[in-house]
Amino acid sequence: GQNIDQPTEMTATEGAIVQINCTYQTSGFNGLFWYQQHAGEAPTFLSYNVLDGLEEKGRFSSFLSRSKGYSYLLLKELQMKDSASYLCAVRDARGDNYGQNFVFGPGTRLSVLP
Amino acid sequence: ETGVTQSPTHLIKTRGQQVTLRCSSQSGHNTVSWYQQALGQGPQFIFQYYREEENGRGNFPPRFSGLQFPNYSSELNVNALELDDSALYLCASSQQGFNTEAFFGQGTRLTVV
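As they're listed, the protein sequences go chains A and B. For what it's worth, our numbering labels the leading residue of the first sequence as 1, then goes sequentially. For what it's worth, our numbering labels the leading residue of the second sequence as 1001, then goes sequentially.
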């Protein structure tokens, strides 16, 4: 089966650091993605891991452990504009077709307070 | 902006009607995927089109169908609309390959009354 879990809501203070965890159990794996989605808007790409370890992109970092089925997104120096939903998604493995179908988690709604 | 455009942005339909949603993919992208996102939930994969053929489908009934055109744009058709079909419908375009990301359009908000 396909199952992705992440906390439903988190709250943090401006300037702080927050870690959003994601655990997954999927039948296939071809990379783990994090997307940011502001209310009423399209998801926008944040980061991507296919191998174990940490990927850093400015204020955002993402970590993956394939053996544990675990990832986290780390947001540093939080800003008010970071208030949004953060979606963890596993891209399905489809043989040699490299399909782009994602299995998404429910999303974590992050509120950044002044 | 991602270069992926969807139309219309909002739509209200009556239960039992049919609807067609449209998506123009980003230049150079040959794969289009459609997702349904209910309020407060993550997107759910409907199906994917590559080279004008469906090559992957999620757990959605046959009344959800689609097309991809030679210019890689795509349509999502839903027949016999039900109240539970009310959701944000997202289109994502990408280029087939291993290390490629998907870019989402702004979505179509469908309300079925």
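Here a beta-carbon is modelled for each residue, glycine too, at the ideal position from N, C-alpha and C.
* H1029 of chain B beta carbon less than 7 Å from that of S1073 of chain B -> Start at 1 with the first residue of the second sequence, and residue 1073 of chain B comes out as number 73. Start at 1 with the first residue of the second sequence, and residue 1029 of chain B comes out as number 29. No, these two residues do not count as a Cβ contact at 7 Å.
* Candidates B:Q1096, B:S1086, B:S1025: which alpha carbon is nearest F1069 of chain B's? -> Translated into the one-based positions of the second sequence, residue 1069 of chain B becomes position 69. Nearest C-alpha to F1069 of chain B: B:S1025.
* Asked: Since Y1072 of chain B sits in a beta bridge, which residues does DSSP pair it with?
  -> On the second sequence, residue 1072 of chain B is found 72 positions in, with the first residue counted as 1. By DSSP's assignment, Y1072 of chain B forms no beta bridge with any residue.
* **7 Å Cβ cutoff, G105 of chain A in contact with chain B** => Locating residue 105 of chain A in the first sequence gives position 105, counting from the first residue. Cβ-Cβ to chain B under 7 Å: yes for G105 of chain A.
* Given E1101 of chain B as reference, the closest of A:Y48, A:T8, A:A42 once Cα atoms are compared -> The sequence position of residue 1101 of chain B within the second sequence is 101, counting from 1. Per the Cα distances, A:Y48.
* **Coarse secondary structure for L1039 of chain B, derived from DSSP in three states** => Your numbering for residue 1039 of chain B matches position 39 in the second sequence. The answer is coil: DSSP assigns L1039 of chain B none of H, G, I, E or B.
* With 16 other Cβ atoms within 10 Å as the buried cut-off, status of N1059 of chain B -> Against the second sequence, residue 1059 of chain B aligns to sequence position 59. In summary, N1059 of chain B is exposed, with fewer than 16 beta-carbon neighbours lying within 10 Å of its beta-carbon over all protein chains present.
* What does a CB cutoff of less than 8 Å around P114 of chain A pick up in its chain, not counting 5 residues either side in sequence? -> Taking the first sequence and counting its residues from 1, the one referred to as residue 114 of chain A is at position 114. Result list for P114 of chain A: T13, E14, M80, in chain order.
* To do: Just mark P1061 of chain B as buried or exposed, buried being the case when its beta carbon has 16 or more other beta carbons within 10 Å.
  => One-based indexing of the second sequence puts residue 1061 of chain B at position 61. P1061 of chain B should be labelled exposed.
* Taking C-beta pairs closer than 8 Å, name the residues in chain A that E1101 of chain B reaches, listed in chain order. => In the second sequence, residue 1101 of chain B corresponds to position 101, counting from 1. Per Cβ cutoff of 8 Å: F33, F45, Y48.
* Proximity test, Cβ basis, 7 Å: L1110 of chain B and chain A -> Taking the first residue of the second sequence as position 1, residue 1110 of chain B is located at position 110. No, no contact with chain A.
* Write down every uninterrupted run of the alpha helix (DSSP H) in the stretch 4–79 of chain A whose length is 4 residues or greater and which is fully enclosed by it, in chain order. => DSSP runs (the alpha helix (DSSP H)) wholly in the stretch 4–79 of chain A: none.
* To do: Would you check if the distance between the CB atom of L78 of chain A and the CB atom of V112 of chain A is smaller than 7 Å?
  => Working through the first sequence from its first residue, we reach residue 78 of chain A at position 78. Working through the first sequence from its first residue, we reach residue 112 of chain A at position 112. Cβ atoms of L78 of chain A and V112 of chain A: closer than 7 Å.
* To do: Please say whether Y24 of chain A and G58 of chain A have beta carbons closer to each other than 7 Å?
  => If you number the first sequence from 1, residue 58 of chain A lands on position 58. If you number the first sequence from 1, residue 24 of chain A lands on position 24. No. Outside cutoff.
* To do: Evaluate the contact criterion for the stretch 1005–1023 of chain B versus the stretch 1044–1058 of chain B: three or more CB pairs, one atom per stretch, below 8 Å.
  => Contact fails: fewer than three Cβ-Cβ distances are below 8 Å.
* **Residues bridged to V1112 of chain B [DSSP beta-bridge criterion]** => Indexing the second sequence from 1 puts residue 1112 of chain B at position 112. BP columns for V1112 of chain B point to B:K1013.
* To do: With a cut-off of 8 Å on the beta carbons, I'd call E184 of chain A and T108 of chain A a contact; round off their distance for me.
  => A question about residue 184 of chain A goes unanswered here, because the residues of chain A that appear run from 1 up to 114.
* Asked: Is A42 of chain A close to chain B, meaning its C-beta is less than 7 Å from at least one C-beta of that chain?
  -> On the first sequence, position 42 is the one that residue 42 of chain A refers to. Under the 7 Å criterion on CB atoms, A42 of chain A is classed as interfacial with respect to chain B.
* Pick helix, strand or coil for L1081 of chain B, following the three-state DSSP scheme. => The residue labelled residue 1081 of chain B in the question sits at position 81 within the second sequence. In the structure shown, L1081 of chain B sits in coil (DSSP, three-state: anything other than H, G, I, E or B).
* To do: For N30 of chain A, count neighbouring C-beta atoms within 10 Å of its own C-beta (all shown protein chains included) and say buried if the count is 16 or more, exposed if not.
  => For the purposes of this step, residue 30 of chain A is identified with residue 30 of the first sequence, where counting begins at 1. It counts as buried.
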